[in-house]
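A.B. asks: Here it is, the structure in full.
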Amino acid sequence: VWVFFLKRDGTVARAVEIGSSQSMKLAGFAYGGGIGRSLANLGDLDGDGSIELAIGQEPKSEIDFRDGRAVFIASVASNGEVRRAQRIQDRAQGLGQGWFGDALARIGDVYSDGVADLAIADTYDDDGGSVRGALWITFLARDGSLRRAQKVSDWNGGFTGAMSDGET
Numbered sequence: 003v004w005v006f007f008l009k010r011d012g013t014v015a016r017a018v019e020i021g022s023s024q025s026m027k028l029a030g031f032a033y034g035g036g037i038g039r040s041l042a043n044l045g046d047l048d049g050d051g052s053i054e055l056a057i058g059q060e061p062k063s064e065i066d067f068r069d070g071r072a073v074f075i076a077s078v079a080s081n082g083e084v085r086r087a088q089r090i091q092d093r094a095q096g097l098g099q100g101w102f103g104d105a106l107a108r109i110g111d112v113y114s115d116g117v118a119d120l121a122i123a124d125t126y127d128d129d130g131g132s133v134r135g136a137l138w139i140t141f142l143a144r145d146g147s148l149r150r151a152q153k154v155s156d157w158n159g160g161f162t163g164a165m166s167d168g169e170t
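Residues are numbered in this note's numbering as their position in the sequence shown, beginning at 1, plus a constant of 2.
This is the structure in structure tokens:
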């Protein structure tokens with residue numbers, strides 16, 4: 003993932019690769035981990051002047067699939083430096099089972115705590131049948147860490163719509 007600083011004509015004045023930052027490494031990102039599949043601007047969660055970006059992994063690129071998939075929350079300063087990063091990981095935190103993080107969306111402040119929340123798609127989730135998909139509503143803390151999560155699928159979260167196998 004690169005952050006571009008643009009000139010007025012839309013060309014690149016400067017670029018910073020945020021995946022190579024020490025903060026991302028400390029959060030568990032490793033080269034070849036496939037970040038950048040999905041991206042959502044969360045705004046400034048903690049009011050420090052830096053924006054937080056939610057960055058998903060390419061589901062097929064997670065290193066040997068041994069650690070599961072993750073979404074990284076990176077606090078990016080105005081100069082492109084990653085000040086800190088958090089990792090929301092499917093297996094370690096009891097989330098997801100398919101393509102966790104293949105789509106991301108800021109959904110406003112659902113929890114009503116003054117912090118933006120994040121929807122995380124898990125396209126190949128199998129609740130209720132084969133490849134029906136799921137959505138994780140993640141409630142974030144000011145530092146971008148996971149406060150709690152609610153799964154919405156064929157079997158969870160109060161969803162009453164009719165889903166079919168392979169519908170994702």
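Note that beta-carbon positions come from the ideal geometry of N, C-alpha and C, so glycine has one too.
Using C-beta distances below 7 Å, list every residue in its chain close to D104, excluding the 5 sequence neighbours before and after it, in chain order.
C.D. replies: Position 102 of the sequence shown, counted from the first residue, corresponds to residue 104. Hits under 7 Å: R39, S40, G58, P61, A123 and T125.
A.B. asks: Identify whether K153 lies in helix, strand or coil by the three-state DSSP scheme.
C.D. replies: Residue mapping note: residue 153 aligns to position 151 of the sequence shown, counting from 1. Three-state DSSP puts K153 in a strand.
A.B. asks: Decide if V5 is buried, meaning its Cβ has at least 16 other Cβ atoms within 10 Å, or exposed.
C.D. replies: Residue 5 sits at position 3 when you count from the first residue of the sequence shown. With 16 or more Cβ atoms within 10 Å of its Cβ, V5 is classed as buried.
A.B. asks: Let me know the beta strand (DSSP E) ranges lying completely inside the segment 93-145, each 3 residues or longer, listed in chain order.
C.D. replies: If we require 3 residues or more, the beta strand (DSSP E) runs fully inside the segment 93-145 come out as 102-108, 120-124 and 136-142.
A.B. asks: If I'm right that I90 touches T140 with Cβ under 8 Å, what's the distance once you round it to whole angstroms?
C.D. replies: On the sequence shown, residue 90 is found 88 positions in, with the first residue counted as 1. On the sequence shown, residue 140 is found 138 positions in, with the first residue counted as 1. Sure, about 6 Å apart at Cβ, within 8 Å.
A.B. asks: Between R149, K153 and S147, which lies nearest to L137 when the distance is taken from Cα to Cα?
C.D. replies: The sequence position of residue 137 within the sequence shown is 135, counting from 1. Of the candidates R149, K153 and S147, the one whose C-alpha sits nearest the C-alpha of L137 is K153.
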